[in-house]
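Written out below as structure tokens is the structure these notes cover.
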Amino acid sequence: MSPLQEEKIRKILGSAKSFAIVCDNDAPEESMLAKEALAAAIKNNNIPSHCLPERRKEFVVKWETILPKFDDLPLLFSTSILIPKNRIDTKEISYTEDSRFVSININSGKEEITKENVVFKTTPLAVDGIFYFAKNSKDTPEESIALEDFAKKISIPEKDKIISVATEAGETISEKVFDIIQVMESSGSLSTASSPVPDLLLASLLTETDHFHKALNEKTLSLAASLIRLGANKKKVTDLMGDKTLPFTRLLGRALARSYPNESLKSMWIFIADQDLEKTSCNPDIQMFKKIIQKAKNILPPHPFFILVWQYKEEVWAIISTESPYEQSADKIRLSTGAKMDGNAIISGPYKNFSEAELQIQNALKENLA
58 MSPLQEEKIR
68 KILGSAKSFA
78 IVCDNDAPEE
88 SMLAKEALAA
98 AIKNNNIPSH
108 CLPERRKEFV
118 VKWETILPKF
128 DDLPLLFSTS
138 ILIPKNRIDT
148 KEISYTEDSR
158 FVSININSGK
168 EEITKENVVF
178 KTTPLAVDGI
188 FYFAKNSKDT
198 PEESIALEDF
208 AKKISIPEKD
218 KIISVATEAG
228 ETISEKVFDI
238 IQVMESSGSL
248 STASSPVPDL
258 LLASLLTETD
268 HFHKALNEKT
278 LSLAASLIRL
288 GANKKKVTDL
298 MGDKTLPFTR
308 LLGRALARSY
318 PNESLKSMWI
328 FIADQDLEKT
338 SCNPDIQMFK
348 KIIQKAKNIL
358 PPHPFFILVW
368 QYKEEVWAII
378 STESPYEQSA
388 DKIRLSTGAK
398 MDGNAIISGP
408 YKNFSEAELQ
418 IQNALKENLA
């Protein structure tokens, strides 16, 4: 973390009385876990915070043992009824309530009040600062949040009150959050062993590094050791990660069996048919397919581009994953195929069949690698 980023965090923490911790609806599991850790650390410091989006059901089922037990603060909406004074002479306003309704009673002259001649104005929850888990370091926080429609739930503060939680090359999201928490904690460390923070960060780290099978740097290994010293229960976390992995393992085996390299196009191709999903009882899920690509990168020979093409019912889709220094080529491929970015991966489709997907992506690779 740069001194400028650290100073920005200190400045916001010094004045903010409430926070929103936000990630995208389709954020990967490691980001969801890191978000929970950051939220827990903020609440440990007695600062009100709100997490968006709500926890996904399958996420809660898997990680319930280590998720914080506190209840999220409700999102409060302020609604005003604007009554035009030039048309309605307001005499008295009161309210009554019973077991079913709260009634707002307005006595007026000149004209009867109807839903057509008044305006209902709702203001979303105001927060002093936002931690936004951006998909990559190039994201503009306020634009990304608006795309996910969170502006309807929270009032987006000015740009200097938004802290982008985005990783740089070779950095994990758990390392980024750990650095932020260290700035936050006056003692310079996470709290006691009873806190959920160490377990959550270790779970995030193990998820993102595939149980440390990815290439690791000294800082990543140092973080793992620090989290265990601070009370993270590695056995409990790994037991949770190992639950319900058999269907995934079977699907991975089928995917690897259908893989082949295309050396001229610097790519490794992996295919998953509809029958593979059916026979392994796996539901099509972008995060699962990303995890398969990550596993494949740890097993198969390295290539600049890993392309997973899958079929579900009548449609075929593809994920294109790339590594430095081929990001510019990947962006050109995205534009030429009309695909969209999802973090560091490109999602392309739908296609009519495998052949069409393969041909179009191969043509895009030829054009942009020439």
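At the far end of the sequence shown sits residue 427, using our numbering, and the numbering has no gaps.
Glycine included, C-beta positions come from ideal geometry on N, C-alpha and C.
Helix, strand or coil for residue i per DSSP?
| i | result |
| --- | --- |
| residue 258 | helix |
| residue 222 | coil |
| residue 58 | coil |
| residue 213 | coil |
| residue 338 | coil |
| residue 180 | strand |
| residue 158 | coil |
| residue 426 | helix |
| residue 92 | helix |
| residue 284 | helix |
| residue 279 | helix |
| residue 395 | coil |
| residue 117 | helix |
| residue 174 | coil |
Along the chain, where does the alpha helix (DSSP H) containing residue i start, and where does it finish?
| i | result |
| --- | --- |
| residue 319 | Looking at the DSSP string, residue 319 is not in any alpha helix (DSSP H); the run it does join, the beta strand (DSSP E), is 317-319. |
| residue 347 | 343-356 |
| residue 236 | 230-241 |
| residue 109 | From DSSP, residue 109 is part of no alpha helix (DSSP H) but of the beta strand (DSSP E) over 106-109. |
| residue 227 | Neither: residue 227 is in no alpha helix (DSSP H) and is coded neither H nor E. |
| residue 269 | Segment: none, residue 269 is in no alpha helix (DSSP H) and carries neither H nor E. |
Going by beta carbon distance, what residues of the same chain come within less than 6 angstroms of residue i, once the five residues before and after it are set aside?
| i | result |
| --- | --- |
| residue 176 | 139 |
| residue 90 | 257, 260 and 261 |
| residue 357 | 325 |
| residue 372 | 407 |
| residue 422 | 322 |
| residue 162 | 151 |
Leaving out five residues on either side along the sequence, give the residues of the same chain with a beta carbon under 7 angstroms from the beta carbon of residue i.
| i | result |
| --- | --- |
| residue 304 | 337, 338 and 339 |
| residue 165 | 145, 146, 147 and 148 |
| residue 391 | 398 and 403 |
| residue 233 | 222 and 224 |
| residue 351 | 267 |
Find out if the Cβ-Cβ distance for the pair residue i, residue j is shorter than 8 angstroms.
| i | j | result |
| --- | --- | --- |
| residue 79 | residue 230 | no |
| residue 431 | residue 169 | Any property of residue 431 remains undetermined from this structure, which presents the chain solely from 58 to 427. |
| residue 407 | residue 360 | no |
| residue 110 | residue 344 | no |
| residue 108 | residue 126 | no |
| residue 241 | residue 70 | yes |
| residue 180 | residue 106 | no |
| residue 185 | residue 74 | yes |
| residue 327 | residue 377 | no |
Between which two residues does the beta strand (DSSP E) containing residue i stretch?
| i | result |
| --- | --- |
| residue 380 | Taken as a continuous stretch (DSSP letters only), residue 380 belongs to no beta strand (DSSP E), as it is neither H nor E. |
| residue 139 | 135-139 |
| residue 362 | 362-369 |
| residue 402 | 402-408 |
| residue 76 | 76-80 |
| residue 328 | 324-329 |
Tell me which same chain residues have a C-beta within less than 8 angstroms of the C-beta of residue i, skipping the five on either side of it?
| i | result |
| --- | --- |
| residue 113 | 89 |
| residue 116 | 86 and 89 |
Does any CB atom of chain B fall closer than 8 angstroms to the CB of residue i?
| i | result |
| --- | --- |
| residue 295 | Any reference to chain B falls outside this structure, which holds one protein chain only. |
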